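**Q** In the numbering used here, the protein residues as written are 57 to 135.
Backbone N, C-alpha and C define an ideal beta-carbon position, used for all residues, glycine too.
None of these values were measured; they are calculated from a predicted model.
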């Protein structure tokens, strides 16, 4: 499945935001949680819009985006 770079970038930003929650407490945690939540909402909206526009299964697109970000394929080498 062809995944636009914009979806990968949005998902990475959301995952980075989630990772930053570790160890935070109080107001810092609340502020970071809000940033993570908003990034996640943006990812979901972008996936839904792209799936509709491209005529692809939304679930499959979301799964592909998640896999590309969380389990990237090893970079090809010229050997």
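Within 10 Å of its beta-carbon, does residue 99 have 16 or more other beta-carbons around it, so buried, or fewer, so exposed?
**A** The residue is buried, with at least 16 neighbouring Cβ atoms inside 10 Å.
**Q** Does DSSP put residue 99 in a helix, a strand or coil?
**A** Three-state result, residue 99: helix.
**Q** State yes or no: is the C-beta of residue 102 within less than 7 Å of the C-beta of residue 126?
**A** No, the Cβ-Cβ distance between residue 102 and residue 126 is not below 7 Å.
**Q** Does the Cβ-Cβ distance between residue 214 and residue 120 come in under 7 Å?
**A** Outside the displayed range of the chain (57 to 135) lies residue 214, so it cannot be described from this structure.
**Q** Is the CB-CB distance between residue 90 and residue 70 below 7 Å?
**A** Cβ atoms of residue 90 and residue 70: not closer than 7 Å.
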